[in-house]
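Data first, discussion second: the structure below is written as structure tokens.
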Amino acid sequence: MTSLGFSLAQARLAFAGQWLFDGLTVEFAPGSWTGLLGRSGSGKSSLLRMIADLPLPDTHELTLTTDDARPLTGRLAWMAQQDQLLPWRTVVDNVLLGPALRGRPSPADRQRAFSLLDDVGLADKARDWPKTLSGGQRQRVALARTLFEDAPVVLMDEPFSAVDAITRLELHELAARLLAGRTVILVTHDPLEALRLSDRILILAGQPATLSDFDVPPGQRPRALEAPDMLRLQPRLVARLHAPLTAGSQA
Amino acid sequence: MTLLKRLWPAMLGLVALLGLWQGLVVATGVPGYVLPSPLAVVQALATHHQLLWHHTGITVIEIVAGLLIGCLSGLLTALALARFHGLRRTLLPILLISQAIPLFALAPILMLWLGYGMTAKIVMATLIIYFPVASTCYDGLRQTPQGWLDLAQTLGADRRRRLLRIQLPAALPALASGMRMAASAAPIGAVIGEWVGSSQGLGYLMLNANARMQVDLMFAALLILVTFGVALYFAMDALMRHLMPWHEDRTGTQG
């Protein structure tokens, strides 16, 4: 798998007869991790769905250009807030969902699924039903399923928000290690998560919303909680997320 | 939790009801040709066991055949509706209209067309369950959680595989309630068919026994029908559980 960058232009989304955002332009560098933040209703999850070409109830447009000018279809993996494990498939069969939906998984596919489960530390759970797993374990299976696709672009919509804080920190480590080299867009509500995992933080805010950069701490992801600037930047990021609404109500 | 432990309150209620029935018959001295006592029914069951056995066989075949055909065709209809958009506008209104036809009124026509044999009864049982199965299954197929559909799309699933590997298994719990309902409705269809015109079957036997004031025999036939209906329901329930070992059972030990 080679890294793949892409850019968006003329991204716009209508909500209730108004443009939530219009004419958004942004570039995602190959292999970079972008944390996309914004308040609820800012349209950040919708933007992610637009990139993934998933259905949306509202009018939307987007011009997406990849670095190699070929379509992104089939080269992106999607990780949602819920793990979306299918309860009627065993853990390993959930990892194999991609090949099962495109045809029939080969023995080599199964081998790879087992080794990916080993990578996420769930080799002994491979033949269990998802209902027997904890929230953190389920999300790790979802991670293995995402990894199986070996896609250069990974879109994550609050993937770690449904687990407890400690499990979330562990999942950060795991995701950062296993998804290295991929172009990742991580929509999140959690400032700490964005600061730990992003090479670049974008905030979607305003009316209509625009994207603005926020400085990330130095160092490699996943940054340790006590890494320099982590503690200093966190309240500032929170303040930035607050700001647009205050400004809007004063205007 | 053992089966016995789960069943004993229901058993207790049943025994109490039977006791009340027997008491009522003894206390009021109502004649046996109006309301036979439970003991008389059991006696009739023993006396006429050959006759009852023969007619039970006929009715059971009708019910099971109707159930199989009705469930299968209902399921296939739902799958076709979910798979082919164009079909919905044509088929859905027809299905709705067909549901408004009182089946009882249709029974004499079915006799006219298909004769007094088993076929008419099987068709009757099929018809009575076809629409409920088709509609619950179709509803189930349409209510796949969006997250799974998103996942299927990003994983590059085609429509057929998405239907069979995501939507259909996701609809199984809904489908199962449709099937359970079908198991309790199919006997009604068969018996209606037998009432309207037949020379065999428990419905025929009941009608005949009633006309001849053999109310104890009628109750015996009814008892068999009820027992078989309950057994069919639980068999269907067990089959559905077997098909869904992954399904969270609300009465289970978890959480």
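Protein sequences appear in the order of chains B and Y. Heads up: the first sequence is residues 0 to 250, going by numbering that gives the first Met the number 0. Heads up: the second sequence is residues 0 to 254, going by numbering that gives the first Met the number 0. The C-beta atom is built at its ideal place from N, Cα and C for all residues, glycine as well.
Reduced DSSP secondary structure (H/G/I, E/B, other) of isoleucine 121 of chain Y: helix
Residues that arginine 101 of chain B contacts on chain Y, provided the C-beta gap is smaller than 9 Å: Leu154, Gly155, Ala156, Asp157, Arg160
Any C-beta of chain B under 7 Å from that of glycine 177 of chain Y: no
Assigned exposure category for lysine 43 of chain B - 16 Cβ within 10 Å defines buried: buried
Listed by chain order, chain B residues near tryptophan 147 of chain Y by CB distance under 8 Å: Gln83, Leu85
CB contact check: leucine 150 of chain Y to chain B, cutoff 7 Å: Closer than 7 Å to some Cβ of chain B, the Cβ of leucine 150 of chain Y qualifies, so yes.
Same chain, Cβ closer than 8 Å to alanine 250 of chain B, five either side skipped, listed in chain order: Low confidence applies to alanine 250 of chain B: its pLDDT is 33, below 50, so where it sits in the model is not reliable enough to give any reading.
Close Cβ partners of proline 217 of chain B (< 7 Å) along its chain, the five nearest in sequence each way excluded: Once the five neighbours on either side are set aside, the close Cβ partners of proline 217 of chain B are Pro227, Asp228.
Uninterrupted beta strand (DSSP E) stretches inside the segment 59-119 of chain B (no shorter than 3 residues): Fully enclosed beta strand (DSSP E) runs of 3 or longer: 59-65, 75-78.
Bridge partners - phenylalanine 27 of chain B, DSSP secondary structure assignment: Residue pairing from DSSP places phenylalanine 27 of chain B in a beta bridge opposite B/Phe5.
Below-7 Å beta-carbon distance, glycine 73 of chain B vs any chain Y residue: yes
Cβ of proline 168 of chain Y within 7 Å of any chain B Cβ: yes
Sufficient close CB pairs (3 or more, under 8 Å) joining the segment 199-211 of chain Y to the segment 92-112 of chain Y: Look at the beta carbons and you see the segment 199-211 of chain Y not touching the segment 92-112 of chain Y: under three pairs across the two are nearer than 8 Å.
With 16 other Cβ atoms within 10 Å as the buried cut-off, status of tryptophan 77 of chain B: buried
Limits of the unbroken alpha helix (DSSP H) element including aspartate 149 of chain Y: 145-153
Presumed contact (8 Å Cβ cut-off) between glycine 188 of chain Y and threonine 58 of chain Y, rounded CB distance: So it is not a contact: roughly 11 Å between Cβ atoms.
Rounded separation between serine 6 of chain B and glycine 205 of chain B - CA only: Their Cα atoms are separated by approximately 21 Å.
Contained alpha helix (DSSP H) runs [length at least 4] in the segment 190-238 of chain B, N- to C-terminal order: Qualifying alpha helix (DSSP H) stretches, in chain order: 190-196.
Residue from Y/Ser197, Y/Ile128, Y/Ala26, Y/Met205 whose Cα sits closest to the Cα of leucine 67 of chain Y: Y/Ile128
Min CB distance alanine 51 of chain B to chain Y below 7 Å: yes
Test: tryptophan 77 of chain B CB closer than 7 Å to a CB of chain Y: yes
C-alpha gap between threonine 226 of chain Y and arginine 126 of chain B, whole angstroms: About 40 Å.
Short Cβ contact (7 Å threshold) for arginine 158 of chain Y with aspartate 236 of chain Y: no
Own chain partners of serine 63 of chain B with C-beta closer than 7 Å, once the 5 adjacent residues on each side are dropped: Per the sequence shown, residue 63 of chain B should be read as leucine rather than serine. Cβ within range, chain order: Phe5, Leu7, Ile50, Leu71.
Where threonine 250 of chain Y falls: helix, strand or coil (DSSP): For threonine 250 of chain Y, the pLDDT reaches just 46, beneath the cut-off of 50, and the residue's location in the model is therefore unreliable, leaving the point undetermined.
Test item: CB-CB of alanine 64 of chain Y and isoleucine 108 of chain Y under 7 Å: no
CB contact flag (leucine 23 of chain B, aspartate 66 of chain B, <7 Å): no
CA nearest to the CA of alanine 99 of chain B, picked from Y/Gly228, Y/Leu154, Y/Leu19: Y/Leu154
Threonine 131 of chain B, buried or exposed, once every other Cβ within 10 Å from all chains shown has been counted against 16: exposed
Endpoints, alpha helix (DSSP H) assigned at methionine 180 of chain Y: 167-195
The segment 207-214 of chain B in contact with the segment 149-167 of chain B per 3-pair CB rule at 8 Å: no
Pairwise C-alpha distance: leucine 163 of chain Y and arginine 101 of chain B: 12 Å
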